[in-house]
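Novice: Before anything else, here's the structure in question.
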Amino acid sequence: MTDWECGIDGCGEAFDDVEEAIVHQTTDHKRRECKVCGSVVPDGYFAIRHAFDEHSRAEYVRAYGASAAEVRQRERVRDAIEDDADLQQVVNRLDEVTGGL
């Protein structure tokens, strides 16, 4: 059974575990420039994490034109991932895939 689906640009690829979904998002999709600070980050989970760890909700709403409901949805996604994911496993897997780049 697949529990995690990539939501980037309608990708829809499904994964049995969240760690593989994050690796997929990081390696198979383009990086995005943060509209608040200009940092370039992997799309998906890491982009959401960057936005809410580095910027206020108000900054995010202004930069992206997001509604309160859209902010809450992204926060729910981040929380669900962080509740389930072994982020060290993600780092280790990314090191394997990218050769430590």
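If you read the sequence shown in UniProt numbering, its first letter stands for residue 1, the second for the next number, and so on. Yeah, the Cβ is synthetic: ideal placement off N, Cα and C, and Gly gets one too. All of these numbers come straight from a predicted model, not from anything done at the bench.
In terms of alpha-carbon separation, which member of Y60, E59, S67, H24 lies closest to V97?
Specialist: When only C-alpha atoms are compared, the closest one is H24.
Novice: Taking the alpha carbon of R62 as the point to measure from, which residue in R32, L94, V36, V40 has its own alpha carbon closest?
Specialist: If we check each option's Cα against that of R62, V36 comes out closest.
Novice: Any idea what DSSP makes of E13, helix, strand or coil?
Specialist: E13 falls in the coil class under three-state DSSP.
Novice: Tell me which residues share the same chain as D84 and place their Cβ nearer than 7 Å to its Cβ, disregarding the 5 neighbours each side in the sequence.
Specialist: Closer than 7 Å at the Cβ level, and outside the excluded window around D84, lie V18.
Novice: Looking at I48 and D74, is the spacing between their C-beta atoms short of 8 Å?
Specialist: The amino acid occupying residue 74 in the given sequence is Arg; Asp does not appear at that position. It is a contact, given that the beta carbons lie within the stated cut-off.
Novice: Measure the C-alpha to C-alpha separation of Q89 and I22 and round it to an integer number of angstroms.
Specialist: Roughly 10 Å separates the two Cα atoms.
Novice: Excluding five sequence neighbours on each side, which residues of the same chain lie with their C-beta closer than 8 Å to the C-beta of R57?
Specialist: V71.
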